[in-house]
Structures are given as C-alpha cells and as structure tokens.
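Going down the list, the protein sequences come from chains A and B. The first sequence begins at 164 in the working numbering and counts up one residue at a time. The second sequence begins at 9 in the working numbering and counts up one residue at a time. Positions of the beta carbon are idealized from the N, C-alpha and C atoms, including for glycine. What follows is one structure encoded as structure tokens, with my remarks underneath.
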Amino acid sequence: DAGVTQSPTHLIKTRGQQVTLRCSPKSGHDTVSWYQQALGQGPQFIFQYYEEEERQRGNFPDRFSGHQFPNYSSELNVNALLLGDSALYLCASSSGPPGTEAFFGQGTRLTVV
Amino acid sequence: RKEVEQDPGPFNVPEGATVAFNCTYSNSASQSFFWYRQDCRKEPKLLMSVYSSGNEDGRFTAQLNRASQYISLLIRDSKLSDSATYLCAVNTNAGKSTFGDGTTLTVKP
Numbered sequence: 164d165a166g167v168t169q170s171p172t173h174l175i176k177t178r179g180q181q182v183t184l185r186c187s188p189k190s191g192h193d194t195v196s197w198y199q200q201a202l203g204q205g206p207q208f209i210f211q212y213y214e215e216e217e218r219q220r221g222n223f224p225d226r227f228s229g230h231q232f233p234n235y236s237s238e239l240n241v242n243a244l245l246l247g248d249s250a251l252y253l254c255a256s257s258s259g260p261p262g263t264e265a266f267f268g269q270g271t272r273l274t275v276v
Numbered sequence: 009r010k011e012v013e014q015d016p017g018p019f020n021v022p023e024g025a026t027v028a029f030n031c032t033y034s035n036s037a038s039q040s041f042f043w044y045r046q047d048c049r050k051e052p053k054l055l056m057s058v059y060s061s062g063n064e065d066g067r068f069t070a071q072l073n074r075a076s077q078y079i080s081l082l083i084r085d086s087k088l089s090d091s092a093t094y095l096c097a098v099n100t101n102a103g104k105s106t107f108g109d110g111t112t113l114t115v116k117p
C-alpha cells in the first residue's frame, strides 16, 4: 500500500518563475492538504482540497493555487516565485470528516535563487 | 501571538529519563489534536491522536485539557531513537490545520 507520494523531491527555480508540485494521496484517502515548512518552523497550512474543490485556505497569497483531480491527486502551483518561497512543501492526505488525522508525503524541497 | 505555541527547546535528557512537552492553542473552535514526530529533513510522522480522556501508546501518553486549551505529551524511559522534533497539530472541523513550531528533543547516552 503506497503512502503519500510527492514529486519532484528537489527543485531549483529562479525568482519570478512558476512551479508546479504534485501529490498522490494514500490509497483510500480523498482529501489533500498542502503545507509550507520553512527551516526551524512548523508546517504552515496553505490549503485543503476535497471533491476537487478548495475547502479551506490558510494565510497565503493568491500566487499559491491548487487543483485536485478526480483520482484525488493534487497539484500546488506557485507563480512569480520569491526568494522567501524557498521551503519544504509537504502534502498530507486524509479521509473522513474534516479534522481527521493526516499522513504526510516526503515533501518537495524548493529552492528559489 | 501564534495560534499554537509549544515549549521552547531544545530538551536534552539522558536515556531513561521522562520528558514532557506542552502545547497551547488559542482557537476555541479546535476539535481534533495530534502529536507528530519529525526527524531532521524528513516529513512529519503521526505519533498519536489526543483525546479528552487521555491516551497511551507504550511509553507515550497524550492528554488534552479543553478548559485550559493545552495538550501534552509525556515520554517515559526515553531512548536514543526518540531524538527528534515533536510537533503538535490542532485542527478545526472545517479542515484547517495549525501546527506549532515544534520542540526538539535530544536523548543522550
């Protein structure tokens, strides 16, 4: 049973570029959440997708957008990259009502230069 | 003030010690609570959910105090392998999840 998988694992982008990160949830999970984790901090909630719609959103600008596909996989898009967007981007999947326990993928480490 | 705050670290303890972490939250709409463990440069891994009645899993005990809005994690008989960062997570029923910044534990021989 595959857990949560994310791709790519590492990425280097130039300031101003756009990036797309991908996530496949754990088998049987229908909800995907995205987080940004800067060094020395906890994961910061970006948004959560359920039934192909954004169900909740954290305090992130509109440059951060996402999508969920019918097979429950998800993408995170970040436009106009800033140096401050350099972080570990984590995807977590869950099932059942909102607020249930979530399981994380290994993350994508994004470096903006 | 952050929505979820954890004890500042690091905690450096000898093997076999008992160590306790606290986490306070400010959103009274919070409904579910979790402890995660994160090793260096890895993803957080779910350690345990936290229930009002308290719950235990081997050497780990988690408790929730809704009135005072805090959760705790107790680790007994610490092992070298317990060295990690421990994150608390607080979820609302709407799906929003808020993490603390974590507390780093180092268990020394």
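Report the rounded CA-to-CA distance for residue i versus residue j, giving the unit in angstroms.
i      : j      : result
B:S86  : A:L244 : 43 Å
B:K50  : B:K10  : 24 Å
B:S36  : B:V58  : 16 Å
B:V21  : A:Y213 : 42 Å
B:G17  : A:C254 : 26 Å
A:V241 : A:P171 : 14 Å
B:G24  : A:A165 : 35 Å
A:Q207 : B:D15  : 18 Å
A:Q211 : B:F68  : 30 Å
B:F117 : B:A92  : Looking at the sequence itself, residue 117 of chain B is Pro, so the reference to Phe does not match. Going from the Cα of B:P117 to the Cα of B:A92 covers about 15 Å.
A:S237 : A:V276 : 25 Å
A:A250 : A:L184 : 13 Å
A:L246 : B:L82  : 38 Å
B:G110 : A:H173 : 23 Å
A:S228 : A:L239 : 6 Å
Looking at the secondary structure, which residues open and close the beta strand (DSSP E) in which residue i lies?
i      : result
A:L251 : A250 to S257
A:H230 : F227 to Q231
B:N30  : V27 to Y33
B:Y94  : A92 to T100
A:K176 : H173 to K176
A:C186 : V182 to S187
B:K53  : K53 to V58
B:S105 : S105 to F107
B:A70  : F68 to N73
B:K78  : The question names Lys, yet the displayed sequence has Tyr at residue 78 of chain B. Note, B:Y78: beta strand (DSSP E), Y78 to I83.
B:T114 : T111 to K116
B:S38  : S38 to Q46
B:Q14  : V12 to Q14
B:G63  : According to the sequence displayed, residue 63 of chain B carries Asn and not Gly. From DSSP, the beta strand (DSSP E) with B:N63 extends over N63 to D65.
B:P22  : F19 to P22
A:N222 : Taken as a continuous stretch (DSSP letters only), A:N222 belongs to no beta strand (DSSP E), as it is neither H nor E.
How should residue i be labelled, buried or exposed, when 16 other C-beta atoms within 10 angstroms of its C-beta is the threshold for buried?
i      : result
B:T26  : exposed
B:A75  : exposed
A:G262 : buried
A:I175 : exposed
B:C48  : exposed
Which one of the options has the shortest CA to CA distance from residue i?
i      : options                           : result
B:P52  : A:L239, A:T172, A:Y198 and A:V276 : A:Y198
B:T100 : A:P260, A:Y252, A:L251 and A:F266 : A:P260
A:G270 : A:F210, A:Q200 and A:S258         : A:Q200
B:M56  : B:F42, B:T114, B:D47 and B:V98    : B:F42
A:I209 : B:L113, B:T106 and B:T114         : B:T106
A:R220 : A:L273, A:V195 and A:Q180         : A:V195
B:G66  : B:R84, B:F19 and B:I79            : B:R84
A:D248 : A:N222, A:S258, A:L273 and A:K189 : A:L273
A:F267 : A:Q181, A:V182, A:T177 and A:C186 : A:C186
Please compile the residues from chain C whose C-beta is within a distance smaller than 7 Å of the C-beta of residue i.
i      : result
A:Q231 : Of the protein chains in the structure, A and B, none is chain C.
Query - Contact list for the stretch 257-269 of chain A against chain B, Cβ threshold 8 Å - result: P260, P261, G262, T263, E264, A265, F266, F267, G268 and Q269
**Report entry** Contact set between the stretch 10-30 of chain B and chain A, restricted to residues whose Cβ is under 7 Å from the partner
**Finding:** none
Requested in this report: Could you name the residues of the stretch 60-89 of chain B whose beta carbon sits closer than 7 Å to any beta carbon of chain A, in the order they occur along the chain?
Outcome: none
Query raised in the report: What are the residues of the stretch 202-226 of chain A that lie near chain B, defined by any Cβ-Cβ distance shorter than 8 Å?
Result: G203, Q204, G205, P206, Q207, F208, Q211, Y213, R218, Q219 and G221
Query raised in the report: Between the stretch 243-254 of chain A and chain B, which residues of the former have a C-beta closer than 7 Å to a C-beta of the latter?
Result: L253
Query raised in the report: Which residues, taken in chain order from the stretch 97-114 of chain B, show a beta carbon closer than 9 Å to some beta carbon of chain A?
Result: A97, N99, T100, N101, A102, G103, K104, S105, T106, F107, G108, D109 and G110
Report task. Could you run through the stretch 185-199 of chain A and flag, in chain order, every residue whose CB is less than 9 Å away from some CB of chain B? Result -> T194, S196 and Y198
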